[in-house]
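To start, the structure itself, in structure tokens.
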Amino acid sequence: MAEPLSRRDLDFLLYEWLDVVALTERERFAEHSKDTFDDVLSLSADMAEQLFAPHNKKADQNEPYVGEDGRVVLIDEVHEALAEFRKSGLTAGSFDEAVGGLQLPNVVSRASLAFFQAANPSSSTYPFLTVGNANLLIEYGTDEQIDTWVKPMVDGRFYGTMCLSEPQAGSTLADITTKAVPADDGSWRLTGTKMWISAGEHELSENIVHLVLAKTPGAPAGVKGISLFIAPKYLADGTRNDIALVGLNHKMGNRGTTNCLLNFGDGTHSPAPEKGAVAYLVGEEHLGLTYMFHMMNEARIGVGFLATAIGYAGYQASLEYAKVRTQGRPLDNKDPSSPPVPIIDHADVRRMLLAQKSYVEGALALGLYACTLVDEEQTSTGQSRDDAHLLLDVLTPIVKSWPSQWCLEANSLAIQVHGGYGYTRDYDVEQFYRDNRLNPIHEGAHGIHGLDLLGRKVVINGGKGLALLVQTITATIDRAVAAGGAAAEHAAALRTAVDRLAAVTAAVWSTGDPTVALANATVYLEAAGHVVISWIWLEQLLAVGEKQGDFYDGKRAAAQYFFRYELPKTGAQFDLLESLDRTTVDLDPAWL
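Under this note's numbering, the first residue of the sequence shown carries the number 8, and numbering increases by one thereafter.
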């Protein structure tokens, strides 16, 4: 079985490119060293291979269901793997020592968790959502809330969720109807329904800590009236809270993670005289969406990693298959009696493998780079901290959406490499595609992130966000020009694309009409994403330098592929954007 995620590639990205060991010079990470980082990565790789990968297919074929007693039933292997994950302490990764954390750099912790995402996306979801939940409460919760709910999550005894969407309100959270009213004891009572709640109900942990968006009496209309609440499955005294599982959603992929429709306060489990589920306000009223963005942005980066990891697993599987599957003969061989050759000898198969490599290794590098910005923001001061925050803000829509689109394409190519076998359940690649298809929707659909990037992020503070991104990419271009050779050739192409990105952004907003400006925001997202991944490949190429060996030659080939096959696609996209095309704006729905 192929290694789902390349440890060699991770080592290159962490140590030869990002130089994460230098982080140990900072006070927060001073207790760590390359040895501790390696130990964490080795433990993660081993656990993922031995405990998570073996039941990935079984969990897909045996979906969770609700038993006669109303409890959710999952296969035993999920319980066993997550119990060992808890014992390992890896949930505590990047958390502060004060709450029981290992205080690892975010970039190392994310790299560690990527092994589990590649081995088993479904089982890995339970603890990973918990990490985001706990981080939000550390930022905005009270000391009592941290002691009561966060520390058990960091320890792995409690799991956490995020409850945003409702049956009638998906991305448009302004339309949620879940209500919260104050109770006599200082807590609140929630009533309402939440939909698409990943890990919303199970028996894998002692408790489930739900973070729930709701509106309070007299709240302003729209998103400005949303507040955030903690609503645990079990109260601190062990009483069952009035949160009821209505049903499980049946998904195309990622089937091993429960996905739930939950009722809050319908009387199924009623612990108090007042109607509703017991809940505790986080921070101030009406700032709930602001707080939730802390978890949402972290989750968006997590989805980017998940999409990358699944795409990477597909690439590794199809690469292994292409080396052993024999079929056909070289085009210049006219002897039908000669033996067939491994399909990796065919140029078109190599094209598909190289495309996958360029997508998944580019996406992994981008995700890790984004994590270094988290570490920079957390441990630096002044302009460095501010720049890290702003650059991460601009990149987040791309970190989430680009892997979700192009690592899914990698999974499609992995099926194609397998031929007819790839379309059967006998091979893993068909499941990889199904599992990954959720991610262009997960944590905000593709189009939502286009609107976020073009409508907000690149125009932040009068365009400072885009200016910082251009400045950062230009610094890499200048280094590549000085390096000469292929790096300089690719740098010239990237400079043209970056200049075009800046010009097109200005042209799109020149009319002052947001309807026209944002009509093709998704095209903008895709073009900007390709420019960013080209920059990331140029960065990797500079890290390779003059180093020799198959691994480094592979990096050179993938970079060349991306610059010659992928970056040129942005030219037509920029032309469309610059034309301020109104095809979709002027379309009458009756014509469809």
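Backbone N, C-alpha and C define an ideal beta-carbon position, used for all residues, glycine too.
From a predicted model like this one, the values you see are computed outputs, not experimental measurements.
- Counting along the chain, A284 sits inside the beta strand (DSSP E) bounded by residues A284 to L288.
- If only complete runs of 4 or more residues are kept, the stretch 119-159 shows the alpha helix (DSSP H) at 128-147, in order along the chain.
- Around the beta carbon of N270, a 10 Å sphere encloses 16 or more other beta carbons of the protein chains shown; the residue is thus reported as buried.
- Membership of H396 in any beta strand (DSSP E) is not indicated; the residue belongs instead to the alpha helix (DSSP H) covering G389 to H425.
- In terms of CA proximity to L380, D394 leads the group D394, A88, G369 and A370.
- Under DSSP, the beta-bridge partners assigned to F236 are V219 and L288.
- In the structure shown, P521 falls within a helical segment according to DSSP collapsed to helix, strand and coil.
- Rounded to whole angstroms, the gap between the alpha carbons of A190 and G167 is 24 Å.
- The alpha carbon of G309 has as its nearest neighbour, out of K364, T529, L375 and M359, the alpha carbon of L375.
- Between the C-alpha atoms of G272 and D192 there is a straight-line separation of about 17 Å.
- Measuring C-alpha to C-alpha distances from G369 to each of V539, A320, L460 and M202 identifies V539 as the nearest.
- Residue environment for R463: exposed (fewer than 16 other C-beta atoms within 10 angstroms of its C-beta).
- DSSP, reduced to helix, strand and coil, places A90 within a helical segment of the structure shown.
- Under the three-state reduction of DSSP output, R444 falls in the coil class, being neither helix nor strand.
- Look at the beta carbons and you see the stretch 417-430 not touching the stretch 546-562: under three pairs across the two are nearer than 8 Å.
- The criterion of a C-beta distance shorter than 8 Å is satisfied by V289 and I237.
- Taking the C-beta atoms as reference points, N142 is found no nearer than 8 Å to H293.
- Taking a cut-off of 8 Å on C-beta distances, the stretch 303-318 touches the stretch 400-416, as three or more cross pairs fall below it.
- In the structure shown, the three-state DSSP call for R33 is coil.
- For F271, the enclosing beta strand (DSSP E) covers residues N266 to F271.
- Under the 8 Å Cβ criterion, the stretch 127-141 counts as touching the stretch 154-173, having at least three qualifying pairs.
- Under DSSP, P189 shares a beta bridge with W195.
- Close CB contacts of L373 within its chain, under the 8 Å cut and outside five residues either way in sequence, are with G311, L402, I405, V406, W409, P410, V539, I540 and I543 (chain order).
- By the neighbour-count definition (other C-beta atoms within 10 Å, threshold 16), L501 is a buried residue.
- Nearest C-alpha to G561 among A362, H497 and S95: A362.
- Between the C-alpha atoms of T590 and L574 there is a straight-line separation of about 25 Å.
- Straight through space, the alpha carbons of A221 and T184 are spaced by roughly 7 Å.
- By the Cβ neighbour-count rule, T98 is buried, with 16 or more other Cβ atoms within 10 Å of its own.
- Judged by beta-carbon spacing, G263 lies within the 8 Å limit of A66, meaning their Cβ atoms are closer than that value.
- Nearest to E213 by alpha-carbon distance, out of V188, Y287, P134 and G260, is P134.
- Of the other Cβ atoms in all chains shown, fewer than 16 fall within 10 Å of the Cβ of R78; this residue is therefore exposed.
- Its Cα nearest to that of G451, the residue L180 stands out among L180, G519 and D339.
- Taking the Cα of P61 as reference, the smallest distance to any Cα among S129, N304 and N256 is reached at S129.
- Counted as a single uninterrupted DSSP element, the beta strand (DSSP E) harbouring V253 occupies residues I250 to L255.
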